[in-house]
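In full-length UniProt numbering, the protein residues as written are 1 to 120.
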């Protein structure tokens, strides 16, 4: 069963799923690392939904990869998995909130230590 998605009813920045998203999830399920990942498309206002990129998210919904249609069309399933493995190693996804919290803790610790040394 194929579902047609009407681009006029989708707002900018909204996520939606189409038949190709399901096909990509089946490809991802062949790799243990990507088995629980989901694929959605993000709409950017153009009436032609063909231009919307594919967003691959982890099980928590965190965006991990963004792929353009031409990338998906150019790679066969095994090449796509290889590409994603390499990209994940090249550009590890960093949770900036965790890093910012850690950096704030380190700076607070250093400032507190320096203040106690100076005031002693």
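From the three backbone atoms N, C-alpha and C, an ideal C-beta is built for every residue, glycine too. The model shown is predicted, which means the values in this text are computed figures rather than measured ones.
Residue environment, residue i, which counts as buried when at least 16 other CB atoms sit within 10 Å
i, result
"residue 32", "exposed"
"residue 62", "exposed"
"residue 28", "buried"
"residue 10", "buried"
"residue 117", "exposed"
"residue 48", "exposed"
"residue 106", "exposed"
"residue 110", "exposed"
"residue 115", "exposed"
"residue 104", "exposed"
First through last residue of the alpha helix (DSSP H) which encompasses residue i
i, result
"residue 84", "77–90"
"residue 27", "19–28"
Beta-carbon proximity of residue i to residue j, cut-off 8 Å
i, j, result
"residue 54", "residue 39", "yes"
"residue 80", "residue 72", "yes"
"residue 45", "residue 18", "no"
"residue 58", "residue 37", "yes"
"residue 35", "residue 21", "no"
Extent of the continuous beta strand (DSSP E) to which residue i belongs
i, result
"residue 122", "No answer is possible for residue 122: it lies beyond the span of the chain, which begins at 1 and ends at 120."
For residue i: DSSP bridge partner residues
i, result
"residue 16", "41"
"residue 33", "According to DSSP, residue 33 bridges with nothing at all."
"residue 11", "According to DSSP, which records beta bridges pairwise, residue 11 is partnered with nothing at all."
"residue 56", "39 and 65"
Residue i beta carbon near the ligand PLP (any heavy atom closer than 7 Å)
i, result
"residue 66", "As presented, the structure is devoid of all ligands, the ligand PLP included, so that no description of it is given."
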